[in-house]
Amino acid sequence: MALRRTDRVPRAHGGSVHAHGSAVTDAAEDVAALARSRARADETPVVVGVAGAVASGKSTFAAAIADAVMADGGAADVISTDGFLYPNAELETRGLVMQKGFPESYDVERLRGLVQEIHSGATEVTVPQYSHEVYDVAGEKPFKVRRDAMVILEGVNALGALAGRLDFGVYVHAEEDDLERWYVARFLALCAEAEEDTSSFYRRFAGMSASEIESLAHQTWRGVNLVNLREHIAPTRAIADCVVTKGPDHAVVQVEVR
8 MALRRTDRVP RAHGGSVHAH GSAVTDAAED VAALARSRAR ADETPVVVGV
58 AGAVASGKST FAAAIADAVM ADGGAADVIS TDGFLYPNAE LETRGLVMQK
108 GFPESYDVER LRGLVQEIHS GATEVTVPQY SHEVYDVAGE KPFKVRRDAM
158 VILEGVNALG ALAGRLDFGV YVHAEEDDLE RWYVARFLAL CAEAEEDTSS
208 FYRRFAGMSA SEIESLAHQT WRGVNLVNLR EHIAPTRAIA DCVVTKGPDH
258 AVVQVEVR
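Taken in order, the sequence shown gives residues 8 to 265; the numbers are from this note's numbering.
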């Protein structure tokens, strides 16, 4: 369902916004307006969390929110919480390799410390970087905090790890069957790209047939990502200020404001 411009006003007391044929961009404009309404009295950046399952389109939606803010003359930056995963070597030491992406696999205190620094008026912070190609944390980089900017933290744990610390929380919801299909498609695409990239984590699957890779993707979804979704990610929907529901084709079908 699309959000027509005449329909697009923030719901101060909650409720659902509906319309037919919505693009992600349209919904992002509404969410951006809602988040900007949470401007802080101390004029430090509004910190927004965007959570949802693996392959739900969190990164795309977070980027769309940032684009909407900038299109309206504001400033916005997106930070992935993936960088706050423990490095693979440390996950191995802690016995958490098979729980990568679960709450215990993140340096939660460092993530919370980042939000505290931003809200405390820091002008520069250090943000760890994550590479999906090598499937590991890949160094750090300085991040300049613009006082007039919205800072958007996106990741599976963006709401759970930062409960009570965000100015606005968004949960991206989709049906489990759609999420699995999207995950498998992404997994296959990464494996295809790895054929030309010897440094890619997915290069290790190069000797497998297409059907074997697809089977592995389904196994990984059901044995790891679906478990994480049901036990840890989906429950954080209850603490979101806004729930964005997507249909089978990634189109937004509902924006629920609480």
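Just so it is clear, CB atoms sit at the ideal spot from N, CA and C, and this is done for glycine as well.
- Of Ala82, Ala46, Ala71, Asp174, the smallest CA-CA separation from Val31 is found for Ala71.
- Residues Asp84, Ile86, Glu131, Val132, Thr133, Val134 of the same chain have their beta carbon placed closer than 8 angstroms to that of Phe150, with the five preceding and five following residues left out of the count.
- Listed in chain order, the alpha helix (DSSP H) runs fully inside the stretch 28 to 60 are 31 to 43, counting runs of at least 4 residues.
- When DSSP states are grouped into helix, strand and coil, Gly90 belongs to the helix group.
- If you draw a straight line from the Cα of Val259 to the Cα of Tyr178, it is about 12 angstroms long.
- CA-to-CA, the gap between Leu98 and Glu50 works out to about 38 angstroms.
- Of Pro52, Gln106, Glu36, the smallest CA-CA separation from Asp74 is found for Glu36.
- Arg154 and Trp189 have their C-alpha atoms spaced approximately 36 angstroms apart.
- Comparing alpha carbon positions, the residue from Glu116, Gly120, Asn95 closest to Gly108 is Asn95.
- Around the beta carbon of Gly162, 16 or more other beta carbons lie within 10 angstroms, which makes this residue buried.
- In the assembly as shown, Thr243 is a buried residue. Its beta-carbon has 16 or more other beta-carbons within 10 Å.
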